[in-house]
Amino acid sequence: MTTTPNSPVEADPTSQADPTRRRVMKTAGVAGTVAVIGGSVAATSACSSDEEAEPTKDESLPTSDVPVGSGTVIEDTYVVTQPKDGEFFAFSSVCTHQGCQVTRVTEEAIICPCHSSHFSVTTGEVMSGPAEEPLAKYEVSESGGTLTVKGK
7 MTTTPNSPVE
17 ADPTSQADPT
27 RRRVMKTAGV
37 AGTVAVIGGS
47 VAATSACSSD
57 EEAEPTKDES
67 LPTSDVPVGS
77 GTVIEDTYVV
87 TQPKDGEFFA
97 FSSVCTHQGC
107 QVTRVTEEAI
117 ICPCHSSHFS
127 VTTGEVMSGP
137 AEEPLAKYEV
147 SESGGTLTVK
157 GK
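Each residue of the sequence shown is one higher than the last, beginning at 7 in the numbering used here.
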């Protein structure tokens with residue numbers, strides 16, 4: 007057998023070049039544990055935020071982009087709803103539970119996909135948890151077919 011300097015075989019002449027079943031199982035167990043922990047961190051990182059910064063910039067969009075009886079999310083900062091024709095409301099699109107982005111708006115609720123918190127489309131209040139705090143509300147105005155959401 008040819009060895010190179012500092013190879014494991016040269017360092018310990020009694021060690022086996024072929025791994026034992028126990029060593030393979032131990033390595034696989036450690037690798038599996040690391041994969042599970044890493045996957046858990048990745049899955050929850052999308053739902054958490056160390057600081058819940060409020061949007062500071064204004065956003066504009068055509069009124070036609072917000073369907074009646076539903077709503078739309080603007081650039082992961084705001085969610086704008088139109089429960090009735092010509093009646094618009096704007097809220098933060100960040101769920102107050104763990105910071106996930108709300109993605110779905112129905113006639114009755116703004117829904118967070120991570121843990122199914124439901125918020126009112128007219129007030130942002132929690133309709134069902136686990137969230138306990140309402141979505142932050144923002145001023146929205148309409149002029150000439152354009153909606154403008156005012157940041158704080």
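By construction, the Cβ of each residue, glycine as well, lies at the ideal position given by its N, Cα and C atoms.
Proximal residues to residue 74 (C-beta, below 6 Å), its chain only, five neighbours per side dropped: On the sequence shown, position 68 is the one that residue 74 refers to. Around residue 74: 88, 91.
Would DSSP call residue 78 helix, strand or coil? For the purposes of this step, residue 78 is taken as the residue at position 72 of the sequence shown. Residue 78: strand per DSSP, three-state reduction.
In DSSP terms, what residue 146 is bridged to: What you label residue 146 is simply residue 140 of the sequence shown in a count that begins at 1. The partner list for residue 146 (beta bridge, DSSP) reads 155.
Based on the DSSP output, what are the partners of residue 107 in its beta bridges? Along the sequence shown, one-based indexing puts residue 107 at 101. In the DSSP output, where bridge partners are listed per residue, residue 107 has 100.
Which first and last residues belong to the beta strand (DSSP E) in which residue 65 is found? If you number the sequence shown from 1, residue 65 lands on position 59. For residue 65, the enclosing beta strand (DSSP E) starts and ends at 65-68.
Taking the alpha carbon of residue 133 as the point to measure from, which residue in 122, 143, 142 has its own alpha carbon closest? Locating residue 133 in the sequence shown gives position 127, where the first residue counts as 1. Here the closest residue by C-alpha is 122.
Roughly how far, in whole angstroms, is the beta-carbon of residue 141 from the beta-carbon of residue 117, given that I think they are within contact range, below 8 Å? Taking the sequence shown and counting its residues from 1, one reaches residue 141 at position 135. Taking the sequence shown and counting its residues from 1, one reaches residue 117 at position 111. Going by Cβ atoms, the distance from residue 141 to residue 117 rounds to 11 Å, so no, they are not a contact pair.
Residue 124 bridges to which residues according to DSSP? As a first step, residue 124 is located in the sequence shown; it is residue number 118 there, counting from the start. Residue pairing by DSSP places residue 124 opposite 117, 134 in a beta bridge.
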